[in-house]
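The structure appears below as structure tokens.
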Amino acid sequence: MGAKELTPGKRAPAFALEDKDGEIHKPTAQGYDYTVLFFYPKDNTPGCTLEAQAFTKDLLKFKRYGARLLGISGGDRGSKAAFCRKARLKTPLIADGDFKVAKKYGVYGPKSFMGRKYNGIFRVTFLLDKQGKLVHRFDDVDPRTHSKEVLQFIRTLRRPAKQ
Numbered sequence: 020m021g022a023k024e025l026t027p028g029k030r031a032p033a034f035a036l037e038d039k040d041g042e043i044h045k046p047t048a049q050g051y052d053y054t055v056l057f058f059y060p061k062d063n064t065p066g067c068t069l070e071a072q073a074f075t076k077d078l079l080k081f082k083r084y085g086a087r088l089l090g091i092s093g094g095d096r097g098s099k100a101a102f103c104r105k106a107r108l109k110t111p112l113i114a115d116g117d118f119k120v121a122k123k124y125g126v127y128g129p130k131s132f133m134g135r136k137y138n139g140i141f142r143v144t145f146l147l148d149k150q151g152k153l154v155h156r157f158d159d160v161d162p163r164t165h166s167k168e169v170l171q172f173i174r175t176l177r178r179p180a181k182q
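All residue numbers for the sequence shown refer to my numbering, where the first residue is 20 and numbers rise by one.
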């Protein structure tokens, strides 16, 4: 199933991918009402760094609303570890080295930058519920403000969890 067929209420494609520490992550996790799955083009690039740092800054706010964050892009565990260390990220980042998950979600394809054409991951975020069904898709996001945009959307869905 590509993301074009992934509409609100439909189950998102399954996956099991490793983060920098070798921990396996899936689209849903016990104890969370939502998963914010943000696809980003590449580790250690300016826009991706801004986006991941903003999500890290808002990490506790997301948890308060019962949401967990997962960033996903190509690369491997080593690139995720280096990116987290360099940018001081606390948000879990998972490696989709062969882009199989990005392709399942329909966020991998032809791109161009400064006249160069290549295939890569599009900056798209999926908000999934605890059953792994799509609640909302965010396209054409601004990496500087996207974390706040997603957080505001979740706030419209529910009140914060009691602490």
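Beta carbons are placed, not taken as given, at the ideal position from N, Cα and C, and that holds for glycine. Since the structure is predicted, the reported quantities are computational estimates derived from the model, not experimental observations.
Residues that residue 54 bridges to, as DSSP identifies them: 87, 147
Exposure label - residue 43; buried when at least 16 CB within 10 Å: exposed
Delimiting residues of the beta strand (DSSP E) encompassing residue 128: 127-132
Nearest-angstrom beta carbon gap, residue 78 and residue 162 [assumed within contact, 8 Å]: Residue 162 to residue 78, Cβ: 16 Å. No contact.
Residue 46 beta carbon less than 8 Å from that of residue 140: no
Separation of residue 58 from residue 33, as counted between CA atoms: 15 Å
From 88, 85, 112, residue whose alpha carbon lies closest to that of residue 98: 112
C-beta contact flag for residue 146 and residue 53 at 8 Å: yes
Where residue 108 falls: helix, strand or coil (DSSP): coil
Nearest candidate by alpha-carbon position, reference residue 37, set 154, 84, 73, 93: 93
One or two residues paired with residue 137 in a DSSP bridge: 130
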